Amino acid sequence: MANITKYQTANGIRYRVRYRKPDGTQTDKRGFKRKIDAETWAAKQVTVAKAEGTFIDPTAGKATVGDLAEAWLAKKRLGTKPSYYDDLEGAWRKYVAPTWQYVPVSAVTREDAQQWVAQISRGKTVKDERGRDVVLVKPKSASVVIRAHGVLAGILDDAVTDRRIPVNPVRGVELPRKTKSKHTYLTAVQLDRLANACGGQRRTLVLTLGLCGMRWGECVGLTVSDIDFTRRRISISRSATQINRRIVVGTPKTHEIRTIMYPKQLDMLLRAQCAGKTGGELVFQDSSTVDGYVHQPHSPKADGSNWFARACDMAGVPRMTVHDLRHTAASLMVRSGANVKAVQRQLGHASAAMTLDVYADLFDDDLDALSSELSNMLLQENVGKMWANEMLEVA
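The opening residue of the sequence shown carries number 1 in UniProt numbering; numbering runs sequentially from there.
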């Protein structure tokens, strides 16, 4: 049972609710300006909550977001891919910690979280002594904002689970919408020109990416024993992911081992790439790197400062990233008549629905075929003529 008493402060009389927690220890909640407010809080937060088993100890909410972040990040390190964990840790360090690290979880409000999201999204400017706008924080993309919000929301989800706060206030925050970027698809002729412009082993590497649809890490992590030259199959069982110029070898993105095909036109090139190597050696090697892996070129810059961007210019194709070669592979497979399930398996998507969602624009020809087939069916049923006659009568 709660006991309500009043006490004097410099700002006037205030009321205190003294009560026992479910474990029997005594504590209090102070600062109520009116006795009725104290009584209402005691009835709702203490008496009823204890009876329903939903009691939240107010002192537990004093833990800061930073106090709980370490455990949340440790949990994510165990359950996510290293590259994704690196993104989460970066979002915490760059965007979440500067604002929320020392804020008690019970003090986080939806309004403050909404303002924080808006500030990251639109950036922050101030006026200098001449009245000119000076950018303090550059606007961030929707992906960056959503990831930062997800980190804060995840930490507070744990706070709810641990009964530090009753609800997560940031789950109702409005977030910016991600817009889908338009994929760059090369024709087979353009892909050949681009590969030739790359030269050397990079030619075979680019053709393998552009025809087979592997992710970069999956391709550069291939060993000679992963290729079955008899059946023209490649086993994808690992990924050499680049994190801050460091290669981390792990499982593929979906954690599932899969087997994919390669066209016979690649056979001689891959055989030449593997000639003289043992089964455990990398198919694609770079003697200039410490680890021997071919490192992924950075996103193309305006000055064309990486080998792939320069090759794009030499081949006369749009500037793109090496990941865009995966899109090219998908488009070439669809053009060759491959069904969605085959494309899904080749790309390593979790489901055919995901493949359709990512590459819906590649299946526009299916709509033309559907229109023609539906028209023929209506014609056979003699329905279309009836509608046409009705329209003539109306006219």
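Note that the Cβ used here is the ideal one computed from N, Cα and C, for glycine as well.
Note that the coordinates shown come from a computational prediction; the quantities given were computed from them, not determined experimentally.
To the nearest whole angstrom, what separates the beta carbons of residue i and residue j, a pair I think is in contact under 8 Å?
i, j, result
"Leu207", "Leu266", "6 Å"
"Arg245", "Arg345", "Arg245 to Arg345, Cβ: 32 Å. No contact."
"Ala311", "Leu194", "6 Å"
"Lys138", "Gly150", "At roughly 20 Å, the Cβ-Cβ gap does not stay under 8 Å, so Lys138 and Gly150 are not in contact."
"Ala42", "Ile4", "6 Å"
"Ile120", "Tyr84", "About 20 Å; that fails the 8 Å criterion."
"residue 397", "Thr27", "Residue 397 lies beyond the stretch modelled for the chain, which goes from 1 to 395, so this question has no answer here."
"Tyr15", "Phe32", "4 Å"
"Pro82", "Ile234", "Not confirmed; about 23 Å, so no contact."
"Gly213", "Arg335", "No, Gly213 and Arg335 are not in contact; Cβ-Cβ is about 13 Å, not under 8 Å."
"Lys29", "Val17", "5 Å"
"Leu209", "Val322", "6 Å"
"Trp116", "Thr99", "6 Å"
"Val173", "Gln114", "5 Å"
Whose C-beta lies closer than 7 Å to the C-beta of residue i among residues of the same chain, with five residues either side of it excluded?
i, result
"Arg232", "Met261, Tyr262, Lys264 and Asp267"
"Ala153", "Asn168, Val170 and Arg171"
"Ala188", "Leu332"
"Ala74", "none"
"Asn196", "Arg203"
"Ala352", "Val340, Lys341 and Gln344"
"Glu281", "Thr223 and Val224"
"Ala302", "Residue placement at Ala302 cannot be trusted, given a pLDDT of 48 that sits under 50; the coordinates are not used to answer."
Put residue i into one of helix, strand or coil per three-state DSSP.
i, result
"Arg380", "The question names Arg, but residue 380 is Gln in the sequence shown. Looking at Gln380 - three-state DSSP - the assignment turns out to be helix."
"Tyr15", "strand"
"Asn244", "coil"
"Met261", "strand"
"Lys253", "coil"
"Gln101", "coil"
"Arg122", "helix"
"Ser106", "helix"
"Gly90", "helix"
"Glu52", "Summary for Glu52: the model assigns pLDDT 48, below 50, so the residue's position carries little reliability, and this model does not support an answer."
"Ser239", "strand"
"Gln32", "The sequence shown places Phe at residue 32, rather than the Gln named in the question. Here Phe32 sits in strand by DSSP."
"Thr80", "coil"
"Thr59", "helix"
"Thr25", "coil"
"Tyr7", "strand"
"Thr64", "strand"
"Thr40", "helix"
Below 8 Å CB to CB, which residues in the same chain sit around residue i once its five sequence neighbours on both sides are set aside?
i, result
"Asp87", "Arg147"
"Cys198", "Leu205, Val206, Trp307, Phe308 and Ala311"
"Phe229", "Asp267, Leu270 and Arg271"
Using a Cβ-Cβ cut-off of 6 Å (strictly less than) and excluding sequence neighbours within five positions of residue i, which residues of its own chain qualify?
i, result
"Ala240", "Gly217, Val220, Gly221, Ile247, Val249 and Tyr293"
"Gly279", "Val224 and Ser225"
"Gly316", "none"
"Lys62", "Pro104"
"Glu52", "Note that Glu52 scores a pLDDT of 48, beneath 50, so its modelled location is shaky; the value from the coordinates is reported in the next line. The answer is none, since no qualifying residue turns up."
Whole runs of the alpha helix (DSSP H) within the stretch 270-354, excluding any shorter than 4 residues:
307-315, 324-335 and 340-347
Pair every Cβ in the stretch 180-189 with every Cβ in the stretch 317-334, then say whether three or more of these pairs are closer than 8 Å.
yes
Please give me, in chain order, every unbroken run of the alpha helix (DSSP H) with length at least 4 that falls completely inside the stretch 133-169.
142-161
Using a Cβ distance threshold of 8 Å, determine whether the stretch 157-167 contacts the stretch 292-299, with at least three qualifying pairs required.
no
Whole alpha helix (DSSP H) elements within the stretch 171-216, 4-residue minimum:
Within the stretch 171-216, the complete alpha helix (DSSP H) runs of at least 4 residues fall at 188-198 and 200-212.
Three or more C-beta pairs closer than 8 Å, one from the stretch 66-73 and one from the stretch 93-105: is that the case here?
yes
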